[in-house]
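Its first residue numbered 0, the sequence shown is counted upward by one per residue in numbering that gives the first Met the number 0. One structure is given here, and the rest of the page talks about it.
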Amino acid sequence: MGVTVFVEGEEESGSPSLGRLLAAYRDVLAADVIVIADSDNWSSDVRR
């Protein structure tokens, strides 16, 4: 099994380069499974 980790660091600014990057490297970045870990910042002193 091979595992590749891709970290996208422009999320907070709207990911302006992501679309072009994915289009340019489509074959290299092809995957069987994609896991997206995106959530709020968690704090133990904030009621939810």
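C-beta atoms are modelled at their ideal positions from N, C-alpha and C, and glycine is treated no differently. From a predicted model like this one, the values you see are computed outputs, not experimental measurements.
Item to check | Spatial distance of S43 from G1 (CA atoms) | outcome: 36 Å
Item to check | Cβ-based neighbour list, S14, same chain, cut-off 8 Å, excluding 5 preceding and 5 following | outcome: E7
Item to check | Whole-angstrom distance between L28 and V4, CA atom to CA atom | outcome: 10 Å
Checklist entry - Residue range of the alpha helix (DSSP H) that P44 falls in? => result Per the sequence presented here, residue 44 reads as Asp, with Pro not at that position. Segment: none, D44 is in no alpha helix (DSSP H) and carries neither H nor E.
Item to check | Supposed close pair E9, S16 - CB separation, criterion 8 Å | outcome: That belief holds up - the Cβ atoms of E9 and S16 are roughly 6 Å apart, short of 8 Å.
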